[in-house]
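**Student:**
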Amino acid sequence: MRGTIFVELIKMAEETFGEDVVDEVLEKADLDNDGAFTTVGNYPCSELVKIVMALSAHSSISPEVLQRKFGHWMINHFVENFPAFFEGKADSFAMLESVDGEIHVEVAKLYPDAELPVFETKRLAPDHLIMTYSSPRPLVEFCHGMIEACLDLFSQSADIQRMAVPTPANATRFDIRLTA
């Protein structure tokens, strides 16, 4: 995984829990590199999971809730650092539909070795979108948080239902219906 994900998780944790707590948690997490991450590095997802689990153990906030909060954090990071991806998008569905065909195309150009998740979308009605997320990494809750944050960004609310997809592992179908 790209190092920027790790750097942003640590920034979120420091803002939430404080630098001293994060230092202590990283020390206890038994990380391969002792918690030294750079934005340009590549690191195994297992290290991210270790950090989330250690933060969960320290805070008593479930790993699932932490991943969702991190999804919200990352949308804000992307808006600040990559505003062009959000320009011209009329609503959250247009944004979500652009992930694979636009955003990931650009990411792949910059980082040809990146293992990107796949987002397949199908709009069933103006207020109903199905998004299938497939990834070799166990980050479904993170994805769910990013969907929620995307809806928030466009001042929309929705009922989001999830259904596991039999293959590949970690694939989930999000059934997203806008609400008034």
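Residues 11 to 190 in the numbering used here are what the sequence shown lists, from first letter to last. Note that beta-carbon positions come from the ideal geometry of N, C-alpha and C, so glycine has one too.
1) Kindly give me the distance between the Cβ atoms of I20 and F47, rounded to whole angstroms, as I take these residues to be in contact under 8 Å.
2) Can you check whether the C-beta of K60 is within less than 9 Å of a C-beta belonging to chain D?
3) Helix, strand or coil: which one does DSSP assign to F152?
4) With DSSP as the reference, label S145 as helix, strand or coil.
5) K132 by DSSP, collapsed to three states: which one?
6) Evaluate G155 with the Cβ neighbour count: other Cβ atoms within 10 Å of its Cβ, from every protein chain shown; 16 or more gives buried, anything less gives exposed.
7) Using 8 Å as the cut-off, classify the Cβ of K99 as near or not near the heavy atoms of the ligand FAD, replying yes or no.
8) Can you tell me the Cα-Cα spacing of T26 and W83, whole angstroms?
**Tutor:** Well, looking at it:
1) Here residue 20 corresponds to residue number 10 of the sequence shown, with the count starting at 1. Here residue 47 corresponds to residue number 37 of the sequence shown, with the count starting at 1. Between I20 and F47, the beta carbon gap of about 7 Å places them in contact (Cβ cut-off 8 Å).
2) The question asks about chain D, but that chain is absent: this structure has only one protein chain.
3) Here the question's residue 152 lines up with position 142 in the sequence shown. Correct three-state label for F152: helix.
4) Mapped onto the sequence shown, residue 145 falls at position 135. Here S145 sits in coil by DSSP.
5) As a working note, residue 132 is residue 122 in the sequence shown. K132 falls in the strand class under three-state DSSP.
6) Counting from one through the sequence shown, the residue named residue 155 turns up at place 145. The residue in question, G155, is buried, as its Cβ has 16 or more Cβ neighbours within 10 Å.
7) In the structure on display, the ligand FAD does not appear, and there are no ligands present to speak of.
8) Position 16 of the sequence shown holds residue 26. Position 73 of the sequence shown holds residue 83. Distance between the alpha carbons of T26 and W83 is about 11 Å.
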